[in-house]
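Asker:
Chains as they are written, first to last, in my numbering: chain A, 8 to 365; chain B, 39 to 657.
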């Protein structure tokens, strides 16, 4: 216990020093003064994993640095921090980078992965660029995407694009405006998988891709008068006759609360793509539609996410932890979302596992 | 591929050996496999000693001692004949679940056999212990101290289940009715799952509800599933109570309320055979059936699972183990029971068919008195399984070539035998099981909702023959997946059901059939993939309180109940149709079709055979 605590304090002291040092004297950053034999490796987006991993001959991937340390056991009996320097640039992460208990520091020293050219300069991107845009219509462009999994958000020039929605958002960083659900029948207040709508709110010509694996979705502040949690839920189908839509999953709260409806918008249909910076992925045909600002794709860098996680730090168990590792100055960007989101289970005990406090 | 071939070959060999054993054992109880002089054989007796030698004259005391000897001495590493552990007649108390894993497997086509050497049902593993120290309380009720840190959820008096003190009292020992019925208190509260309103005047404000729970056919006008849920807080003024957990379905459906009774309060303890557990004080109250505790043995369950056969993984299975002639008696129920998740996706784990979350038990309820997972070629023969708190035999996920034969299962808390193959489209995990010559009597005693004598879920290539199921609130036999599944992903084809008798089915539920299928073949053109031959179903008549307008049927081929060939089927009285199905099954010679020919019915072969090892005459 005592040893672990001491190590933590030491590590805490070492880290701020590194951060400050990184920008000013990055190149000189031999870890911990007076420790001539400390290992330092270099990685660069233009490097080569078959290289030596030195400043002049850097590796290409952070995984290769991790594996080298792991395989050579360089982190087994450490007498100073071990530093992996990532040079400036974008590192494309095609697969979540995992660290486990084999990658820990030891003896109070840390394994440090840092952006050597300054904070935010080395950026891990969980995305791939989409190119080959051709005009579609109404200022919309389209491009083929070679994917075997769909994606659920999109980034253009480092900013999030909007999944084609109705009603359109009032500004890039506001979620409103919304539609509001209504009571389907007097006794249906507690329903969680059906949303009643006001006649005229929905357009029956919208293609919701019902009964496919790529349906339109609802983003809804379930709970009626409460505005606590949002659900993003695929739509099973619309019942145009009864002015309601049926969802694939239950929402966190009921659609109605104290006779008040829940605010929502509809998204993920090509028929909803009408505003600038909206996109729609046609998953079945593997085509991406995007309506750029300024009516041109020239100079635009579109990134489709490939991963929901960039870094996964996971020991084997609570007793076999990953420890004493630092990530300093790294940029992490462009991760994916999911098809269905709900905050937690609806009711206690629903994990299906026994707990002291279900 | 070579692996699969080998497994099949093994299985056939094992089947022959097992059959030979059963025959031999019946004739000469101490029989060793012929021509295998050096085969290990051990003895266990209730009055034995684990420090002894494990011989017939100096037997061990516990089955786990024998298991550990075989495991630790690696006696099963290079087998050239079967290893037999002989359990002498008597009762073996089980204080913690007896586990077998991959280290306990047979090898080289030979088996490790645990058998009741003095005859079927003579050696009994009991998952319960006696409660002593009873003192009179009042009104013919006695009380005794129990360990407050170990609550239990069912109780037995001399091998007969006691009733958790309830209101209203049950009309008979093996019936669930009568009930109270919940009401729609406010119009907008129809779909709530955790608030229950009673009819004003139905509840007595003097009741102590502090440790009470409710058993309810949630879903209002539907009577499909029962929930048992502790109460959180009761408001007598409003005749309203809040439940600790959500029910499967809403309390009210189509304006109809749900049938329910309350249980576990001293206020309800007024009938002989009723008990109340004050878990906080560590006291149990019981009103004996004969008016006195003299000579009465009251047993409280100690385990939910008596025998757990579980390999470490689907690739590392326990295999080639036989349990022959064992009695397995008493196991516990749970504090809260709900059938599966309320909504698809609620498992919280991504699945190809999230709707199956509504089909599979919650993780906490995936057990039986005998549980098998990650097994291959396990034989349960001449088993006498009785008085369980929950499911009798539960086959969870990866299991193949399980044989349950010549067995009697009676007084079962939930399903008799449940085979759960897991989520469709994620691997064919459970197949090639044999269930034959088996009598399953009184199931669903604590979970009448969805109870089945045999419930098969996402499992195929099984043979179910010479089966008798008697007394069920709902099904006799069911085969299920989900209607959303693309055909082939259910792994529920190639099942054969033959010589089946289902009697006293549908006693308390509706929109059901004594033989039931759901979601096993969902798309055209419905080629025949499962067969049912020589099926006799008795009357399927529910309690008059049962509100489901769907009524009862002999055979109910629900959504996706397709691709079946039925032949030679007879059904007694029903409240709906004898046979309800879409036009997607073949029927030959059934008594709801004109020209039914009784001469084609092989009545003498239907149900259990004359070789059945237990006396079930008169049942």
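Idealized CB from N, CA, C, for every residue including glycine.
Going along chain B, which residues have a C-beta under 9 angstroms from residue 197 of chain A?
Answerer: Here residue 197 of chain A refers to the residue found at position 190 when the first chain is read from its first residue. Within 9 angstroms Cβ-Cβ: 226, 227, 228, 229, 230, 231, 288.
Asker: Quick check on the burial criterion: 16 or more other C-beta atoms within 10 angstroms. Buried or exposed for residue 193 of chain A?
Answerer: Residue mapping note: residue 193 of chain A aligns to position 186 of the first chain, counting from 1. Classification for residue 193 of chain A: exposed.
Asker: Alpha carbon to alpha carbon, how far is residue 58 of chain A from residue 46 of chain A?
Answerer: On the first chain, residue 58 of chain A is found 51 positions in, with the first residue counted as 1. On the first chain, residue 46 of chain A is found 39 positions in, with the first residue counted as 1. About 16 angstroms.
Asker: Apart from the five residues on each side of it in sequence, which residues of its chain come closer than 6 angstroms, Cβ to Cβ, to residue 535 of chain B?
Answerer: Position 497 of the second chain, counting from 1, holds the residue named residue 535 of chain B. Within the same chain, residue 535 of chain B has close Cβ partners 502, 570.
Asker: Under three-state DSSP, which class holds residue 87 of chain B?
Answerer: Taking the second chain and counting its residues from 1, the one referred to as residue 87 of chain B is at position 49. It is coil, neither helix nor strand.
Asker: Given a limit of 8 angstroms on CB to CB distance, which residues of the segment 427-446 of chain B reach chain A?
Answerer: none
Asker: Output the distance between the C-alpha atoms of residue 195 of chain A and residue 533 of chain B, rounded to the nearest integer angstrom.
Answerer: On the first chain, residue 195 of chain A is found 188 positions in, with the first residue counted as 1. On the second chain, residue 533 of chain B is found 495 positions in, with the first residue counted as 1. Looking at the two C-alpha atoms, the distance is approximately 41 angstroms.
Asker: Apply the 10 Å Cβ neighbour rule to residue 192 of chain B and answer buried if 16 or more other Cβ atoms are within range, or exposed otherwise.
Answerer: Mapped onto the second chain, residue 192 of chain B falls at position 154. With 16 or more Cβ atoms within 10 Å of its Cβ, residue 192 of chain B is classed as buried.
Asker: Give, in chain order, every residue of the segment 389-405 of chain B whose Cβ lies closer than 7 angstroms to some Cβ of chain A.
Answerer: 400, 401, 402
Asker: Helix, strand or coil, according to DSSP, for residue 61 of chain A in the structure here?
Answerer: Within the first chain, the letter at position 54 stands for residue 61 of chain A. DSSP places residue 61 of chain A in coil when its eight states are reduced to three.
Asker: With a threshold of 9 angstroms between beta-carbons, can residue 593 of chain B be considered close to chain A, or not?
Answerer: Here the question's residue 593 of chain B lines up with position 555 in the second chain. No, because no Cβ of chain A sits closer than 9 angstroms to the Cβ of residue 593 of chain B.
Asker: Out of A:340, A:351, A:363, A:360, which one is the CA nearest neighbour of residue 161 of chain A?
Answerer: If you number the first chain from 1, residue 161 of chain A lands on position 154. Ranking the options by Cα distance to residue 161 of chain A, first place goes to A:340.
Asker: Taking Cβ positions only, does residue 487 of chain B come closer than 9 angstroms to chain A?
Answerer: For the purposes of this step, residue 487 of chain B is identified with residue 449 of the second chain, where counting begins at 1. Output row for residue 487 of chain B: interface = no.
Asker: Which bits of chain C does residue 355 of chain A rub up against, with CB to CB less than 7 angstroms?
Answerer: Going by chain labels, chain C is absent from the structure shown, which instead holds the protein chains A and B.
Asker: Whose Cβ in chain B lies nearer than 8 angstroms to the Cβ of residue 361 of chain A?
Answerer: Position 354 of the first chain, counting from 1, holds the residue named residue 361 of chain A. Per Cβ cutoff of 8 angstroms: 402.
Asker: Is residue 333 of chain B buried or exposed, if buried means 16 or more other CB atoms sit within 10 Å of its CB?
Answerer: For the purposes of this step, residue 333 of chain B is taken as residue 295 along the second chain, with counting starting at 1. Exposed, because fewer than 16 other Cβ atoms sit within 10 Å of the Cβ of residue 333 of chain B.
Asker: Can you check DSSP and say which residues form a bridge with residue 1 of chain A?
Answerer: Within the shown structure, residues of chain A are numbered from 8 to 365, placing residue 1 of chain A beyond reach of any answer.
Asker: So if DSSP puts residue 468 of chain B in a beta bridge, which residue, or which two residues, is it bridged to?
Answerer: Residue mapping note: residue 468 of chain B aligns to position 430 of the second chain, counting from 1. DSSP output for residue 468 of chain B lists B:437 as bridge partner(s).
Asker: Taking 8 angstroms as the threshold, find out whether the segment 484-491 of chain B comes into contact with the segment 504-517 of chain B through three or more Cβ pairs.
Answerer: yes
Asker: Leaving out five residues on either side along the sequence, give the residues of the same chain with a beta carbon under 6 angstroms from the beta carbon of residue 54 of chain A.
Answerer: Indexing the first chain from 1 puts residue 54 of chain A at position 47. The residues are 65, 66, 67.
Asker: Using 8 angstroms for Cβ pairs, my map puts residue 56 of chain A next to residue 82 of chain A. What's the rounded Cβ distance?
Answerer: Stepping through the first chain from its first residue, residue 56 of chain A is reached at position 49. Stepping through the first chain from its first residue, residue 82 of chain A is reached at position 75. Beta-carbon to beta-carbon, residue 56 of chain A and residue 82 of chain A are separated by about 19 angstroms, too far to satisfy the 8 angstroms threshold.
Asker: Could you list which residues in chain B have their beta carbon closer than 8 angstroms to that of residue 347 of chain A, in chain order?
Answerer: The count along the first chain starts at 1 and reaches residue 347 of chain A at position 340. Ordered by position in chain B, the residues that pass the 8 angstroms Cβ test against residue 347 of chain A are 383.
Asker: Three-state secondary structure (DSSP) at residue 305 of chain B?
Answerer: Within the second chain, numbered from 1, the residue matching residue 305 of chain B stands at position 267. DSSP places residue 305 of chain B in helix when its eight states are reduced to three.
Asker: For chain A, is any of its Cβ atoms less than 9 angstroms away from the one on residue 269 of chain B?
Answerer: The residue labelled residue 269 of chain B in the question sits at position 231 within the second chain. Judged by the 9 angstroms Cβ criterion, residue 269 of chain B is not in contact with chain A.
Asker: Does residue 266 of chain A come within less than 9 angstroms of chain B when only Cβ atoms are used?
Answerer: Taking the first chain and counting its residues from 1, one reaches residue 266 of chain A at position 259. Closer than 9 angstroms to some Cβ of chain B, the Cβ of residue 266 of chain A qualifies, so yes.
Asker: With distances taken Cα to Cα, identify the nearest neighbour of residue 335 of chain A among A:352, A:85, A:89, A:84.
Answerer: Here residue 335 of chain A is taken as the residue at index 328 of the first chain, counted from 1. For the residues A:352, A:85, A:89, A:84, the minimum Cα distance to residue 335 of chain A belongs to A:89.
Asker: Just how far apart, CA to CA, sit residue 330 of chain A and residue 84 of chain B?
Answerer: Here the question's residue 330 of chain A lines up with position 323 in the first chain. Here the question's residue 84 of chain B lines up with position 46 in the second chain. Approximately 52 angstroms, taken between the alpha carbons.
Asker: Within 9 angstroms of any Cβ in chain A, is that where the Cβ of residue 380 of chain B sits?
Answerer: Within the second chain, the letter at position 342 stands for residue 380 of chain B. A Cβ of chain A is located within less than 9 angstroms of the beta carbon of residue 380 of chain B.
Asker: List, in order along the chain, the chain B residues whose C-beta lies closer than 9 angstroms to that of residue 222 of chain A?
Answerer: By 1-based counting over the first chain, the position of residue 222 of chain A is 215. Neighbours of residue 222 of chain A on chain B: none; closest Cβ ~13 angstroms, over 9 angstroms.
Asker: Can you name the residues that DSSP bridges to residue 591 of chain B?
Answerer: In the second chain, residue 591 of chain B corresponds to position 553, counting from 1. In DSSP, residue 591 of chain B forms a bridge with B:551.
Asker: Among the residues of its own chain, which have a CB less than 6 angstroms from the CB of residue 622 of chain B, if the five just before and after it don't count?
Answerer: Counted from its first residue, the second chain places residue 622 of chain B at position 584. So the qualifying residues of the chain are 564, 600.
Asker: Can at least three beta-carbon pairs, one atom from the segment 204-216 of chain B and one from the segment 350-357 of chain B, be found at a separation below 8 angstroms?
Answerer: no
Asker: Let's see if you can read the secondary structure: which residues bound the beta strand (DSSP E) around residue 147 of chain A?
Answerer: As a first step, residue 147 of chain A must be located in the first chain, where it is residue number 140. That run of the beta strand (DSSP E) goes 147-151.
Asker: What residue does the alpha helix (DSSP H) around residue 252 of chain A start on, and which one ends it?
Answerer: The sequence position of residue 252 of chain A within the first chain is 245, counting from 1. Counting along the chain, residue 252 of chain A falls outside any alpha helix (DSSP H), though it belongs to the beta strand (DSSP E) covering 251-254.
Asker: If we count the other Cβ atoms within 10 Å of its Cβ and call it buried at 16 or more, is residue 241 of chain A buried or exposed?
Answerer: Locating residue 241 of chain A in the first chain gives position 234, counting from the first residue. The residue in question, residue 241 of chain A, is buried, as its Cβ has 16 or more Cβ neighbours within 10 Å.
Asker: If you reduce the DSSP assignment to three classes, tell me which class residue 357 of chain B lands in.
Answerer: On the second chain, position 319 is the one that residue 357 of chain B refers to. The three-state secondary structure of residue 357 of chain B, taken from DSSP, is strand.
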